[in-house]
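K.L.:
Keeping their order, the protein sequence lines are chains B and E. Heads up: the first sequence at position 229 corresponds to 229 in the working numbering, and the numbers run straight through without jumps. Heads up: the second sequence at position 57 corresponds to 1057 in the working numbering, and the numbers run straight through without jumps. I have a structure here, written as structure tokens, and I will follow up with some questions on it.
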Amino acid sequence: MKASKSSSGSIVWPLIALAALLLFNLFFTPNFFKIEIIDGHLFGNVIDIIKNAAPIAILAVGLTLVIATHGIDISVGSVVAISAGVVAMLIGGDLKGEPKYPIVVAMAAAVLVSTLAGMWNGALVSRIGMQPIIATLILFVAGRGIAMVTTNAMVVWLYAKPFALLGQGYWLGLPFSIYIVAFLVLMTALVTRKTAIGLFIEAVGINPTAARFAGINAKNILFWVYAFSGFCAGISGLVVCSTVMSADGNNAGNLFELNAILAVVLGGTSLNGGKFYLMGSMVGALIIQTLTTTIYAFNVPPEISQVVMAIFVYAVSLLQSGKFREKVSLLFRSKEVEA
Amino acid sequence: MKKKSAIDPRNLPILVTLALFVVMFGAGSFAFIGFFSLQNFLNLFIDNAYLLILAVGMTFVIVSGGIDLSVGSMLALSTMIASSLLEKSHLDPILVIPIVLLAGTAFGFFMGYLIHAFDLPPFIITLAGLYLARGLCYVVSIDTIGITNGFWERAAHAQVIIFDKNFLSPSAVIALVVVLVGLFVARYTGFGRNVYAIGGSEQSAVLMGLPVGRTKVAIYALSGFCSALAGIVFTFYTLSGYALDGKGMELDTIASVVIGGTLLTGGFGSVFGSMLGVLVYGTIQVLIVFQGTLNSWWTRIAIGFLVFVFCVLQRAFDVRAARSAAHQASASATATASAPAGG
Chain B
1 MKASKSSSGS IVWPLIALAA LLLFNLFFTP NFFKIEIIDG HLFGNVIDII KNAAPIAILA
61 VGLTLVIATH GIDISVGSVV AISAGVVAML IGGDLKGEPK YPIVVAMAAA VLVSTLAGMW
121 NGALVSRIGM QPIIATLILF VAGRGIAMVT TNAMVVWLYA KPFALLGQGY WLGLPFSIYI
181 VAFLVLMTAL VTRKTAIGLF IEAVGINPTA ARFAGINAKN ILFWVYAFSG FCAGISGLVV
241 CSTVMSADGN NAGNLFELNA ILAVVLGGTS LNGGKFYLMG SMVGALIIQT LTTTIYAFNV
301 PPEISQVVMA IFVYAVSLLQ SGKFREKVSL LFRSKEVEA
Chain E
1001 MKKKSAIDPR NLPILVTLAL FVVMFGAGSF AFIGFFSLQN FLNLFIDNAY LLILAVGMTF
1061 VIVSGGIDLS VGSMLALSTM IASSLLEKSH LDPILVIPIV LLAGTAFGFF MGYLIHAFDL
1121 PPFIITLAGL YLARGLCYVV SIDTIGITNG FWERAAHAQV IIFDKNFLSP SAVIALVVVL
1181 VGLFVARYTG FGRNVYAIGG SEQSAVLMGL PVGRTKVAIY ALSGFCSALA GIVFTFYTLS
1241 GYALDGKGME LDTIASVVIG GTLLTGGFGS VFGSMLGVLV YGTIQVLIVF QGTLNSWWTR
1301 IAIGFLVFVF CVLQRAFDVR AARSAAHQAS ASATATASAP AGG
């Protein structure tokens, strides 16, 4: 991929896009901003958007760091399926809701397996020196197979009530998944911005050789960034599994990698690496979910929403493209000259 | 590159793929009765004709250093357009086929233009293309559209006798023609050489005065054309159009191309290798069917494993070719160094 001066590198563009979407809804979607309190819980479109954006937002946290190193992780969707499969098999489909293993143990195991998957990606990229897209392609292809083999190619339904908290539960009036995202973002921001680690990651993304000469252990940075992405995918898998209380190796996390990468790119982090914007990625995830919700609000069949999504991606990519802005500004300038 | 061994190192990945195919086919022949037959070999082409066509288009894209994630969706869109034109508009196949091919080419052209003119990453643009084509499928119809057209039914059931009672389907013949044309274009035309040059180093290609922009747009248009053709061939199997056809096929295609020895960094690879990659892919599927007890999902695990083995092998060659210490730098640097040409 070529280096290009594509992203403007600020959170302004994604925020404008989100604001435009919300403004559109303010005028055209009735009751879009209405929030009700039922049983002490907050309900409404806006709350739903934040809640439904959680799985993608969690993935985007890990992916932001991966993309900052000029890498990519397309295996996250498959790892989500593996995580959901592992936790579902360990809790078991007991109709009375008696878990086979304690729920906490099952969750820890699922996250551990996912982190190992991430470490596998990290080892391929940092130790063997594979191109990130190929290295993660392996798990992308094989991962869904592994997930299906884990669940014996069946959809496992769960009845263990406490597990539902992650994806469906409420705490202090807000959906629990919001707290998971907030905690993860906060911790990641603290670790990357209050220590030198964030700088190291960006240095590796700009030039790994130079970073190594500067005394940064580029290999280890790469390894742990991918491991962290696997960890995030594991958490995301738990939330996904808990939301629908089932694990479907074939469909869980389907197209998640694409949405999550999109969230990161919309958020202003360039695929060329070197800089990352965690909050931008979160705004990106919100944009994607707001767009989806908006499309639903207009009773467009959910399948067709993909068309709108694609057009949106083209529009945002064009706005971020330096060449496009140049051409547009040239267009205006030549008109001025004519006038 | 040093030429110590008799074998041109550039051909090594293809030879490895060929050996792998022979070993797997041989192992199947020893393990299962009825596996070793000419027809079983021909079936690999019959069953994977659409994948073969997609892989040819994808080879050009990947050799140029790009990627096309939209091929699976475009295949589905082509099945939808073809079936709805045939069944709902009652158009003649003579019109339907060119329309579908034109639609696919135009779609590829559009993406190629965005990528070239605005310097956008192929990954994102074709990813959006994946959504766009899949969404448009549902605009055409949410339900399956069955095809009852006589020409289509004949194409589905016709047999082209090769030897004795062994036959190929028309789809397989189309796929083989596409492979031959692909081989010719890659090796003996200016366009083919430009593709390799761009993949080797786009900057050098620009400095050499090659028509980089035009070639890049043409590459994606070609991939779009192949996807559309693969879609038509796919309807010969299913005799229907369905919006969920070809889900995940973009990655099967990329995996086949990688197994065929093409470097995802660009500049190196061959159409012939991609064909071998598809054959390996098909053989794994047949082996798992013959084995009987493993569920079909093991195919994916096996493919993943093979992609792994091949990438490690390629890395081993790379590292020997250019002993560079830094990892990502060497990944792109070796691609440039070993770029000049490929089979």
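Note that CB positions come from ideal geometry on N, CA and C, so glycine has one too. Just so it is clear, the structure is predicted and the values come from calculations on it, not from any experiment.
#1: Find the residues of chain E that neighbour B:Pro301, judging by a C-beta separation of less than 8 Å, and give them in chain order.
#2: Of all the options B:Pro301, B:Leu23, B:Ala57 and B:Phe27, which has the alpha carbon lying nearest to the alpha carbon of B:Ile261?
#3: Is there contact here, the region 1105–1124 of chain E with the region 1220–1233 of chain E, by at least three beta-carbon pairs under 8 Å?
#4: Where does B:Ser75 sit, in a helix, a strand or coil, going by DSSP?
#5: Can you check whether the C-beta of E:Ser1227 is within less than 8 Å of a C-beta belonging to chain B?
#6: Given that a residue counts as buried once 16 or more other Cβ atoms are within 10 Å of its Cβ, and exposed if not, what is E:Met1177?
#7: Using three-state DSSP, classify B:Ile216 as helix, strand or coil.
#8: Taking 8 Å as the cut-off, decide whether the C-beta atoms of E:Ile1099 and E:Leu1077 are in contact.
#9: Exposed or buried, E:Ser1296, counting other C-beta atoms within 10 Å across all chains shown (16 or more means buried)?
#10: Rounded to whole angstroms, how far is the Cβ of E:Leu1257 from the Cβ of E:Thr1059, which I believe are closer than 8 Å?
#11: With a threshold of 8 Å between beta carbons, is E:Gly1221 in contact with chain B?
#12: Establish whether the CB of E:Gly1231 and some CB of chain B are separated by less than 8 Å.
#13: Around the Cβ of E:Arg1154, are there at least 16 other Cβ atoms within 10 angstroms (buried) or fewer (exposed)?
#14: When the Cα of B:Ala247 is compared with those of B:Phe176, B:Ala123, B:Lys275 and B:Leu158, which residue comes out closest?
#15: Excluding five sequence neighbours on each side, which residues of the same chain lie with their C-beta closer than 8 Å to the C-beta of B:Leu139?
#16: Sorted by chain position, which residues of the same chain lie with C-beta nearer than 8 Å to B:Val308's C-beta, five sequence neighbours on each side aside?
#17: Classify B:Asn152: buried if its beta carbon has 16 or more other beta carbons within 10 angstroms, exposed otherwise.
#18: Is it true that the CB of E:Leu1207 sits closer than 8 Å to the CB of E:Ala1197?
#19: Put E:Ala1335 into one of helix, strand or coil per three-state DSSP.
#20: Hey, is E:Asp1245's beta-carbon within less than 8 Å of any beta-carbon in chain B?
#21: Mind listing the chain B neighbours of E:Ile1062? Cutoff is C-beta to C-beta under 7 Å, in chain order.
#22: Name, going along the chain, the residues of the region 1110–1133 of chain E whose beta-carbon falls closer than 9 Å to a beta-carbon of chain B.
#23: In three-state DSSP terms, what is B:Glu36?
#24: What are the residues that DSSP puts in a beta bridge with E:Trp1298?
#25: Identify, in the order they occur along the chain, each residue of the same chain with its Cβ nearer than 6 Å to the Cβ of E:Thr1144, setting aside the five sequence neighbours on each side.
#26: Kindly list, in the order they appear in chain B, the residues whose Cβ is closer than 7 Å to that of E:Leu1020.
#27: By Cβ distance, which residues of its chain are closer than 6 Å to B:Pro175, with the 5 residues on each side in sequence left out?
#28: Name the chain B residues that come within less than 8 Å of E:Thr1366, Cβ to Cβ?
#29: DSSP state of E:His1157, grouped into three classes?
#30: In angstroms with no decimal places, state the Cα-to-Cα distance between B:Lys2 and E:Val1096.
#31: Give me the chain E residues within the contact set of B:Lys51, using Cβ-Cβ distance strictly less than 7 Å, ordered along the chain.
#32: Let me know the secondary structure DSSP gives B:Ser270 once reduced to three states.
#33: Check each residue of the region 311–332 of chain B: if its Cβ is closer than 9 Å to any Cβ of chain E, include it; give the result in chain order.
#34: Can you list, in chain order, the residues of the region 250–282 of chain B whose Cβ is nearer than 7 Å to any Cβ on chain E?
#35: Are E:Ser1227 and E:Val1071 touching if we call contact CB-CB under 8 Å?
#36: Is the region 1115–1134 of chain E in contact with the region 315–335 of chain B, if contact means three or more CB pairs nearer than 8 Å?
P.N.:
On the basis of the data shown:
#1: Chain E residues near B:Pro301: Tyr1138 and Ile1142.
#2: Relative to B:Ile261, the option among B:Pro301, B:Leu23, B:Ala57 and B:Phe27 whose CA is nearest is B:Ala57.
#3: Yes, since at least three Cβ pairs between the region 1105–1124 of chain E and the region 1220–1233 of chain E fall closer than 8 Å, the two stretches touch.
#4: If DSSP states are grouped into helix, strand and coil, B:Ser75 belongs with coil.
#5: no
#6: The sequence given here places Val at residue 1177 of chain E; Met does not occur at that position. Classification for E:Val1177: exposed.
#7: coil
#8: Not closer than 8 Å, so no.
#9: E:Ser1296 sits exposed, since fewer than 16 C-beta atoms from the chains shown fall within 10 Å of its C-beta.
#10: Here residue 1257 of chain E is Val; the residue named in the question, Leu, does not match the sequence. That pair is a contact at about 6 Å.
#11: Looking at the sequence itself, residue 1221 of chain E is Ala, so the reference to Gly does not match. Proximity of E:Ala1221 to chain B, defined by a Cβ-Cβ separation below 8 Å, is not satisfied.
#12: no
#13: E:Arg1154 should be labelled exposed.
#14: Checked all of B:Phe176, B:Ala123, B:Lys275 and B:Leu158; the closest Cα to B:Ala247 is B:Leu158.
#15: Ser75, Ser78, Val79, Ala117, Trp120 and Asn121
#16: Leaving aside the five residues that flank B:Val308 on each side, the residues in its chain whose CB is nearer than 8 Å to its CB run, in chain order, Leu291, Ile295 and Val300.
#17: exposed
#18: no
#19: With a pLDDT of only 49 at E:Ala1335, under 50, the local geometry of the prediction cannot be trusted, and the value read off the model is given with reservation. In this structure, E:Ala1335 counts as helix in the three-state DSSP scheme.
#20: no
#21: Those do not exist, as E:Ile1062 stays about 11 Å from chain B at its closest Cβ, beyond 7 Å.
#22: Leu1114, Ala1117, Phe1118, Asp1119, Leu1120, Pro1121, Pro1122, Phe1123, Ile1124, Ile1125, Leu1127, Ala1128, Gly1129, Leu1130, Tyr1131, Leu1132 and Ala1133
#23: In the three-state scheme derived from DSSP, where H, G and I count as helix and E and B as strand, B:Glu36 is classed as strand.
#24: Answer is none; E:Trp1298 lacks a bridge partner.
#25: Correct list, in chain order: Ser1240 and Tyr1242.
#26: Simply none; closest approach about 16 Å.
#27: Excluding positions up to five away in sequence, the list reads Lys51.
#28: Any question about residue 1366 of chain E goes unanswered here, given that chain E covers just 1001 to 1343.
#29: helix
#30: Bear in mind that a pLDDT of 38 at B:Lys2, under 50, signals an unreliable position, so the model cannot answer this.
#31: None at all; the shortest Cβ gap to chain E is about 23 Å.
#32: Coil at B:Ser270, not helix or strand.
#33: Here the close residues are Ile311, Phe312, Val313, Tyr314, Ser317, Leu318, Gln320, Ser321, Gly322, Lys323, Phe324 and Lys327.
#34: From the region 250–282 of chain B, only Leu258, Val265 and Leu271 have a Cβ closer than 7 Å to chain E.
#35: yes
#36: Under the three-pair Cβ rule at 8 Å, the region 1115–1134 of chain E counts as touching the region 315–335 of chain B.
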